[in-house]
Amino acid sequence: MYSLSSRPPAHPPGISSRDAYAVSAEFYDVLQGEADAAQVRELYGTAVGSARLGVLDIGAGTGRVTLLGLAESEVGVHAVEPARSMRSALMTRLASLPADVRGRVTVHPCSLDEARLRGVADVAVCHNTLACLDPSSRRRLYPAVAEALSPGGLLLLHLPPAHLPRTPTVRPLPPQRLGQHEYGGHMVLSAEAGRIRTRFDYWVRDGTDVVREHTETFWMWPASRNDVAEELAEHGFTPVPEAGAPAVLTVRRE
1372 MYSLSSRPPA HPPGISSRDA YAVSAEFYDV LQGEADAAQV RELYGTAVGS ARLGVLDIGA
1432 GTGRVTLLGL AESEVGVHAV EPARSMRSAL MTRLASLPAD VRGRVTVHPC SLDEARLRGV
1492 ADVAVCHNTL ACLDPSSRRR LYPAVAEALS PGGLLLLHLP PAHLPRTPTV RPLPPQRLGQ
1552 HEYGGHMVLS AEAGRIRTRF DYWVRDGTDV VREHTETFWM WPASRNDVAE ELAEHGFTPV
1612 PEAGAPAVLT VRRE
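Be aware that the sequence shown starts at 1372, since it is given in my numbering, and climbs by one per residue.
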């Protein structure tokens, strides 16, 4: 099942990915950032700390994996994030870092295949992103990762949900207080035409009064571990036995 601390999935058809997350970007770190940071450390800390060439953060969002790469390694970090609203939060976060630290980060405002990176990293992480890609976008991602990684490099993929939800599921986003306001919401997952419709409902309250309410809807595409592994094998990736958590598929570039 997809994590509560996930970034919102892909935008509905007809909306540019550069403009996606216009609503969710405001609420993402407030409602999910702390849990997501803990999950990122648990899932990827060891692998990122082993990087000797570079770290590639695919779908960087507001920068949890990017910050982990800066903290746990001494190599350059490439953060790939096409969505302007999420990237704005990432850039603000990076701007607050010391100059020598932010000097190790390159932010790419496009998809990985558009970035055309070649052999820049020996560890790549795709956290809470693969589920956001339709099958054709997944197929474009894999060869781009293979080109960006050095031979023998590792790719850690946070897996999509394996199945469609049988019934609509509501998951709360635990409320958080900022000053006089309380921020909260929930997400609703349901199956629709072979995809997972994911609606995020957000609210801001001042005491018992609702100050603001916002809704944003996205899509996810399910894929099993075996399906993803088979797709990756076509591009020269082999699974690393007994590596990582069940939610993550770790593969090595040949």
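Note that beta-carbon positions come from the ideal geometry of N, C-alpha and C, so glycine has one too. Since we're looking at a predicted model, the values are computed, not measured.
Using 10 angstroms around the beta-carbon of Gln1410, count the other beta-carbons present and answer buried if the total reaches 16, otherwise exposed. buried
Whose CA, out of Arg1568, Leu1438 and Ser1395, lies closest to the CA of Val1496? Leu1438
Quick one: what's got a C-beta closer than 7 Å to Tyr1392's C-beta in the same chain, skipping five residues either side? Pro1379, Ala1454, Ser1456 and Met1457
Going by CA-CA distance only, name the one from Glu1601, Leu1603 and Arg1596 that's closest to Ala1616. Arg1596
Check whether chain D comes within 8 Å of Val1478, counting only Cβ atoms and requiring the distance to be less than that. The structure shown contains no chain D; it holds only a single protein chain.
Which runs of the alpha helix (DSSP H) at least 4 residues long sit entirely within the region 1421–1494? Give them in chain order. 1435–1443, 1455–1466, 1470–1473 and 1483–1486
Residue burial classification, Pro1531 (beta-carbon count within 10 angstroms, cutoff 16): buried
Nearest CA to the CA of Glu1443: which residue from Val1494, Thr1538 and Gly1523? Val1494
With 16 other CB atoms within 10 Å as the buried threshold, where does Gln1403 fall? buried
Is Arg1568 helix, strand or coil by DSSP? strand
Three-state secondary structure assigned by DSSP to Gln1547: strand
So, for Leu1501: in the same chain, excluding its five sequence neighbours on each side, which residues have a beta-carbon less than 6 Å away from its beta-carbon? Leu1528 and Pro1531
For His1557 and Arg1568, the rounded distance between their alpha carbons: 14 Å
Counting along the chain, where does the beta strand (DSSP E) carrying Pro1610 start and finish? Phe1608 to Pro1610
Among Val1394, Arg1570, Arg1423 and Glu1405, nearest to Gln1547 - alpha-carbon criterion: Glu1405
DSSP three-state assignment for Thr1538, whether helix, strand or coil: coil
To the nearest angstrom, report how far apart Phe1608 and Glu1553 are at their CA atoms. 45 Å
Would the beta-carbon of His1585 fall within 8 Å of that of Val1394? yes
Grouping DSSP H, G and I as helix and E and B as strand, with all else coil, what is Tyr1415? helix
Per DSSP, cross-strand counterpart(s) of Cys1497: Leu1528
Let me know if Cys1481 comes out buried or exposed under the rule of 16 or more other beta-carbons within 10 Å of its beta-carbon. exposed
So, under 8 Å CB-CB, Val1446 and Val1426 are touching, yes? Tell me the CB distance rounded to an integer number of Å. 6 Å
Tell me which residue opens and which closes the beta strand (DSSP E) that Ser1561 is part of. His1552 to Glu1563
Of the residues Ala1466, Ala1562 and Leu1525, which one's Cα is nearest the Cα of Phe1589? Ala1562
Considering only the alpha carbon of each residue, which of Gly1565, Ser1507 and Val1516 lies closest to Leu1535? Gly1565
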